[in-house]
Amino acid sequence: MPRLSMLIDLTRCIGCDACTLACKQENGTPFDTFFARVLNVEVGTYPDVKRLYIPVLCNHCDDAPCLKSCPNKAIIRRPDGIVLVDQDRCRGTGACVSACPYGNIILNREPDSWYLDEDEPYEKDFVKARLKPNVARKCTYCAHRVDQGLKPACVVACPTTARIFGDLEDEASDISQYVAQERETTQRKPFHLLEEAGTKPAGCYLGPMSKQDPHTLHQTDAIGDAKTAEMARVPQQGAKK
Numbered sequence: 001m002p003r004l005s006m007l008i009d010l011t012r013c014i015g016c017d018a019c020t021l022a023c024k025q026e027n028g029t030p031f032d033t034f035f036a037r038v039l040n041v042e043v044g045t046y047p048d049v050k051r052l053y054i055p056v057l058c059n060h061c062d063d064a065p066c067l068k069s070c071p072n073k074a075i076i077r078r079p080d081g082i083v084l085v086d087q088d089r090c091r092g093t094g095a096c097v098s099a100c101p102y103g104n105i106i107l108n109r110e111p112d113s114w115y116l117d118e119d120e121p122y123e124k125d126f127v128k129a130r131l132k133p134n135v136a137r138k139c140t141y142c143a144h145r146v147d148q149g150l151k152p153a154c155v156v157a158c159p160t161t162a163r164i165f166g167d168l169e170d171e172a173s174d175i176s177q178y179v180a181q182e183r184e185t186t187q188r189k190p191f192h193l194l195e196e197a198g199t200k201p202a203g204c205y206l207g208p209m210s211k212q213d214p215h216t217l218h219q220t221d222a223i224g225d226a227k228t229a230e231m232a233r234v235p236q237q238g239a240k241k
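The numbering used here puts the first residue of the sequence shown at 1, with every later residue one more than the last.
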């Protein structure tokens, strides 16, 4: 059975936000809502300061707390592991928003004119046509693209190929080959954010290497902080408080 996942190589991410913009264009999210965010993390004290860009998105967890918390059973998991919200069944209780330890699911607010007094053609014809107020939305791994044999928009847009997407159960997939190559050449192993939450996330990361030993994963303070709720759960403006 396929298990779709996204691997993010933190050594390749340059914080350009191309993924964020591609996601917004593909999914038509409001201006204050982001399914693909990039955290700009600074750790340490001067002069020993490190900076790390950490892309975050829905992790499509095997044991997804959002799915279990929904009283209307509006959240489902596909056979390939993608977790989706059925917007026709969602009643906007916000239980899923509170349950997600990553802060990566939001409730759509009531559509309005976002920048000007009147809607622009793009807003009217594309964005608002796909928005239902007061229902939950999140990253879907661009399921509509995946079903057509395409990669998620954020993966295609990344200029440094920091995002690798594919089927973890397929040894020939891009993600499986990338993980195997890194294990062999750098001994880096994927890790998950907030592993202690027990959600069994599909999304995973590869961290930076030690300058002293290129074959040893360097567990920097930035990587440690990335595994905490304070780092991973940054509230969105569009999220229910």
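Built from N, CA and C at the ideal position, the CB exists for glycine as well.
Can you tell me the Cα-Cα spacing of residue i and residue j, whole angstroms?
i	j	result
F31	H192	28 Å
C66	N27	20 Å
D9	C142	20 Å
L168	N40	28 Å
P133	T33	13 Å
Y53	L7	14 Å
L194	C204	11 Å
Y178	D88	38 Å
V155	V146	12 Å
F35	R78	19 Å
S210	T186	Low confidence applies here, because S210 scores a pLDDT of 44, under 50, leaving its location unreliable; read the following figure in that light. When rounded, the distance between both Cα atoms is 10 Å.
N108	T93	12 Å
F302	D174	Nothing can be reported for residue 302: it is not among the residues displayed for the chain, which extend from 1 to 241.
T45	A197	29 Å
R188	S176	13 Å
D170	E184	18 Å
H144	I76	15 Å
How about residue i: is its C-beta nearer than 8 Å to some C-beta of chain D?
i	result
I175	Absent from the structure: chain D. Only one protein chain is present.
I think residue i touches residue j, with their Cβ atoms under 8 Å apart; what is that distance to the nearest whole Å?
i	j	result
D63	T199	5 Å
P182	L150	The sequence shown places Glu at residue 182, rather than the Pro named in the question. At roughly 25 Å, the Cβ-Cβ gap does not stay under 8 Å, so E182 and L150 are not in contact.
A74	C90	4 Å
With distance defined between alpha-carbon atoms, name the residue in the options nearest to residue i.
i	options	result
M1	I82, A180, A95, D174	I82
R51	K68, P152, G15	G15
P159	D170, C13, S5, P201	C13
V38	R163, E184, T185, S173	R163
K68	S176, S98, V49	S98
R137	C23, E196, T185	C23
Q25	Y46, S176, A157, T161	A157
C139	L84, E171, V49	L84
I105	R188, T29, R3	T29
V135	D48, A172, D86	D86
Just to confirm, are residue i and residue j a CB contact at a threshold of 8 Å?
i	j	result
C61	A95	no
A202	S5	yes
T11	P190	no
Spell out a yes or no on whether the segment 49–58 and the segment 4–20 are touching, meaning 3 or more CB-CB pairs, one atom from each, closer than 8 Å.
Contact holds: three or more Cβ-Cβ distances are below 8 Å.
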